[in-house]
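Student: If you're matching positions, the sequence shown starts at 169 in our numbering and goes up one per residue. A virtual CB, placed ideally from N, CA and C, is assigned to each residue, including glycine. For clarity, every value in this text was computed on a predicted model and none was experimentally measured. Attaching a single structure in structure tokens format; questions to follow.
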Amino acid sequence: MQQPELKNKSFISPIWFLPFIALCIGGWLLYTSYRDAGIDIIIHFATAEGVTAGKTKVIYKGIAVGTVKKVEIDGDLKGIDLHIEMNKKTRPGLVKDTKFWIVRPEISAGRITGLETLVSGSYIAVKKGNATTESRFFEGLETPPPLDSDAPGLHITLKTPSLYSLQRGSRVYSKNLNIGLVEDYSLDRDEMITLKILIKPEFRHLIHEGTRFWNASGLSVSGDLQTGLTVNMESLASLIYGGISCATPKELQNTPTIQSGRKYHLYKDFEDAQYGVSMTLQLATGAGIVAGKTKVLYRGLKAGVVKSLDINNDTFHTVTATILLDPRAEVILRKNTRFWVIRPQVSIEGIKNLETLISGAYITFQIGGGPHCDQFIVEANPMPIPTLRPGTMLTLKAKDSGSLTIGTPVFYRKLIVGEITDIALTENGKGVRTTILIYKPFDQLVADNSIFWNVSGVQINGNLSNFKINLSSMRAMLAGGVTFVTPKAEQGEKQPPGKIIKKFHLYESYHDAVAHESALQPDGLSLQIQTEKPAAIKIGSPVLYNNIKIGEVMDLSLARKSHRITIDLLIFQKFRYLINGFSRFYALSGIKAEASLQGILLEAGSLESIFSGGISLYNPRQTSRFHKGTIFHLYKNLNAAKDADGLRLTLYLHSAKSINGHTKIRYQGIEIGRIIDVDFNPEFDQVIARAVVRREAKKLFREDTILYLVGPQMNLAGIRNLETVLGGSYISLLPGKGKPADTFSVSNQAQGGNGTIAGLQIILESPTRGSLGPG
């Protein structure tokens with residue numbers, strides 16, 4: 169049988185270590201509980217939406233540093249108090265200016281923030297403060313606080329009257345690069361909005377003193393359906409997210425960069441942010457002018473843009489356009505600079521300024537001198553064409569512009585050698601001054617004796633015998649034009665070197681130029697005649713000889729002293745031999761008809777003279793040499809011309825019953841003169857008649873010459889002077905002796921017979937006459 173083994177009993181029992189171990193564990197737990205114990209704080213929010221006690225965390229840079237333990241309403245019911253246990257290590261950060269805000273999921277145009285809270289729920293974000301005083305009570309923010317001013321980057325401020333569609337976090341762009349963001353905004357007391365902007369450190373060199381900022385949020389639409397719409401969009405990102413764009417104009421690239429704290433203005437759009445020099449232009453009407461769209465162009469290059477239009481409170485309610493000029497165009501702001509509005513023009517030649525039908529009207533200018541000026545009035549006259557080709561400028565003067573316009577061509581032998589650059593009134597307003605440019609080398613065709621005339625449209629000079637239609641060219645017919653000749657050059661003579669005169673007269677037509685310029689007139693003899701009344705004679709009227717045209721009227725003028733009409737004639741070269749010292753000219757205009765008992769007198773020239781007036785030549789048999797400078801007289805008719813060298817008589821009669829202005833004077837049955845005028849002499853109660861007789865019959869009129877009236881006589885013996893019944897009475901005469909005379913009394917019958925039968929005259933006496941009578 170196995171004997172039990174006896175062992176000695178230990179003094180200390182192992183179970184006694186259990187209380188010690190438990191004590192150590194409890195002490196460790198107590199130590200760790202103290203070590204890991206949080207800090208209790210209270211944060212006051214306006215609302216606790218999305219916050220759950222025991223679940224909502226306080227997150228700092230992605231790490232949980234606290235937990236919401238309890239949510240309760242504050243004592244005055246104005247908000248919510250969140251009791252939060254913060255990590256013990258956050259003690260240094262729990263100072264007076266530490267910021268807390270609730271991060272919730274937010275969906276807006278272009279972005280989604282707090283997306284992670286859709287799963288984990290809302291959380292409280294924290295931003296460490298800079299104060300040294302600890303605090304356990306905080307006021308929560310509704311929105312995230314702006315970055316600190318000492319955060320890396322460039323901090324600037326923008327002032328704007330409207331927030332547009334900007335929001336916190338909106339981006340700042342330059343050249344479509346994201347260079348910063350909107351930190352915060354606030355409404356000032358002056359109702360302006362202040363935006364705080366942070367520019368990233370790597371882009372701060374892009375911001376200068378002259379940098380311009382403008383709103384680039386969404387789309388900017390301007391204009392209307394009539395003038396067109398302008399749509400501006402900075403980028404797709406700014407359309408979605410909203411944002412601000414900035415740029416530095418080339419003219420301000422050399423301005424220095426800035427430091428934080430600089431203030432700028434935020435313009436509403438890109439057009440408003442354009443840098444330039446402001447000026448105003450007064451317009452009669454704003455038709456076709458669109459603010460922000462109408463451009464100021466100079467030779468096709470943009471020099472500015474119309475920024476705004478305002479109606480003036482004046483008599484005609486004019487419009488003032490405010491224009492922003494490119495800074496490089498500031499030199500045009502001088503007192504004598506002139507501005508025009510260019511709109512489409514429709515004429516028979518076509519449509520001018522066709523590009524404005526699509527792009528709209530624009531403003532252009534002509535640079536002038538003088539002192540600085542930024543207020544102008546638009547010109548009413550058409551704009552002069554700028555000189556774009558080398559040449560010579562000439563001035564033409566006329567009484568009106570005809571159908572000429574700026575841009576109308578200048579012709580030489582139907583070739584275009586220049587153009588009209590300006591049309592304006594003369595200084596005294598009594599004429600028109602036309603400025604033309606003759607291109608090089610065609611300006612060599614112009615000399616001091618050059619002659620210019622208008623060839624606009626169709627020029628017609630016509631009558632029954634001569635009908636002319638003058639068409640310089642089809643273009644001149646439609647658009648008008650000016651042409652010229654240089655007589656010496658056309659004769660093959662080279663013009664002498666040197667400067668030519670710059671001013672010429674512009675004739676209405678070639679016909680007018682020929683009438684006034686002898687160099688254009690055909691070869692011939694130039695004469696002058698004078699008259700009191702030119703009848704129907706005009707420039708171009710023919711000069712006839714035996715109904716053959718031998719010349720024409722070149723000009724009519726009024727003599728200064730005598731007030732007589734001077735008529736310039738040109739006798740064609742081959743007919744100049746017809747002119748001599750005794751030549752006489754008489755009017756031959758229309759048809760002259762005179763009826764009397766002697767018959768009907770019908771006087772007419774050629775058909776041309778009937779309708780346009782004319783002058784006829786009468787040459788007596790005698791001739792003499794013609795002396796240059798002789799001024800001829802224009803007689804009323806052919807009879808007056810023939811009677812020019814006749815004897816003028818003054819006749820007195822008891823009655824004008826049997827005479828008139830056509831009564832003949834006869835001698836031995838031959839007509840030697842006629843009465844030209846009958847009048848009443850109240851002084852002697854007589855009729856006075858003026859007559860003219862042929863030069864060769866002058867010797868018949870002496871002191872003893874007897875003149876008597878021969879008319880029809882009827883008695884028992886029969887009818888005497890029967891021919892006067894149809895032909896009318898006439899004056900006969902008995903030649904006398906004595907000195908030549910020109911004043912006579914006309915008796916009703918012949919004294920001593922009719923004087924028509926030669927023989928011995930005997931006187932018989934009787935106490936009664938019986939039935940005897942003269943004859």
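1. Looking only at its chain, what residues have a beta carbon closer than 6 angstroms to the beta carbon of I137, apart from the 5 residues adjacent to it on each side?
2. Does DSSP classify E253 as helix, strand or coil?
3. Measure how close the beta-carbons of E419 and P495 come, nearest whole angstrom, since I'm counting them as under 8 angstroms.
4. Run through DSSP, which three-state label would E700 get?
5. At the level of alpha carbons, what is the spacing between T362 and V350?
6. Between the Cα of G218 and the Cα atoms of V233, Y228, V239, T563, which residue gives the shortest distance?
7. Just to confirm before moving on: does the CB-CB distance between N480 and V487 stay below 9 angstroms?
8. Who are W184's beta bridge partners in DSSP?
9. Kindly indicate the opening and closing residues of the beta strand (DSSP E) around D680.
10. Hey, could you find the ends of the alpha helix (DSSP H) K810 is sitting in?
11. Are the CB atoms of G692 and L738 nearer to each other than 9 angstroms?
12. Find out if the Cβ-Cβ distance for the pair V846, L817 is shorter than 9 angstroms.
13. Are A216 and K225 closer than 9 angstroms when you measure CB to CB?
14. Taking 6 angstroms as the limit between beta carbons, can you name the residues of its chain near D946, skipping five residues before and five after?
15. Where do the N-terminal and C-terminal ends of the beta strand (DSSP E) with P710 fall, by residue?
16. If we ignore side chains and look at the alpha-carbon of each, how far apart do A415 and T379 end up?
17. CB-CB under 6 angstroms to G562, same chain, minus the five flanking residues each way: which ones, in chain order?
18. Pick out whichever of K237, M360, K223 has its Cα sitting closest to the Cα of I211.
19. Using 8 angstroms for Cβ pairs, my map puts G222 next to T235. What's the rounded Cβ distance?
20. Since A489 is in the beta strand (DSSP E), which residue starts that stretch and which ends it?
21. Using the C-alpha atoms, what's the distance from G206 back to F188?
22. Where does G541 fall in DSSP's three states?
23. What is the C-beta distance between V650 and S618, in whole angstroms, given that I count them as a contact (C-beta under 8 angstroms)?
24. Give the straight-line distance between the Cα atoms of G648 and W621, rounded to the nearest whole angstrom.
25. In the DSSP assignment, what are the bridge partners of I479?
26. Taking its Cβ as the centre, do 16 or more other Cβ atoms sit within 10 Å of V499, making it buried, or is it exposed?
27. Name the residue from I574, G906, S897 whose alpha carbon lies nearest to the alpha carbon of L915.
28. Would G906 and D872 be called neighbours here (beta carbons separated by less than 9 angstroms)?
29. Please tell me whether G586 and G559 are closer than 9 angstroms, where the distance is taken between their beta carbons.
30. Between which two residues does the beta strand (DSSP E) harbouring I241 extend?
31. Sorted by chain position, which residues of the same chain lie with C-beta nearer than 8 angstroms to E720's C-beta, five sequence neighbours on each side aside?
32. Thinking L688 and L564 are a contact (beta carbons under 8 angstroms), I'd like their distance in whole angstroms, please.
33. For F484 and G454, I'd like the C-alpha separation in whole angstroms.
34. How many whole angstroms separate the CB atoms of Y835 and S900, which I take to be in contact at a CB cut-off of 8 angstroms?
35. Less than 9 angstroms separating the beta-carbons of E359 and P424?
Tutor: Taking the coordinates as given:
1. Because the chain is modelled from 169 through 943, residue 137 falls outside the range shown and cannot be assessed.
2. strand
3. 5 angstroms
4. Looking at E700 - three-state DSSP - the assignment turns out to be coil, as it is neither helix nor strand.
5. 11 angstroms
6. V239
7. Inclusion of N480 and V487 in the CB contact set at 9 angstroms is warranted, their separation being smaller than that value.
8. Answer is none; W184 lacks a bridge partner.
9. D680 -> not in any beta strand (DSSP E); alpha helix (DSSP H) instead, spanning 678 to 684.
10. That run of the alpha helix (DSSP H) goes 806 to 810.
11. yes
12. In this structure, V846 lies away from L817, with their beta-carbon atoms at least 9 angstroms apart.
13. no
14. One cannot answer for residue 946 here, as it falls past the ends of the chain, which runs 169 to 943.
15. 710 to 713
16. Between A415 and T379, the C-alpha separation is close to 6 angstroms.
17. Before going on, a small fix: residue 562 reads as Leu here, not Gly. Correct list, in chain order: I604, K670.
18. Closest by alpha carbon: K237.
19. 7 angstroms
20. From DSSP, the beta strand (DSSP E) with A489 extends over 487 to 493.
21. 29 angstroms
22. The identity of residue 541 in the sequence shown is Cys, whereas the question assumes Gly. Note: C541 maps to coil in three-state DSSP.
23. Incorrect: roughly 11 angstroms between the Cβ atoms, too far for contact.
24. 11 angstroms
25. When DSSP reads this structure, I479 sits in a beta bridge with V487.
26. Exposed, because fewer than 16 other Cβ atoms sit within 10 Å of the Cβ of V499.
27. It should be pointed out that residue 915 corresponds to Ser in this sequence rather than to Leu. If we check each option's Cα against that of S915, S897 comes out closest.
28. For G906 and D872, yes; Cβs fall inside 9 angstroms.
29. yes
30. 231 to 241
31. G708, S709, P710, V711, L737, L738
32. Their Cβ separation, rounded to whole angstroms, is 17 angstroms, which puts L688 and L564 out of contact at 8 angstroms.
33. Near 13 angstroms, if we compare the C-alpha coordinates of G454 and F484.
34. 7 angstroms
35. no
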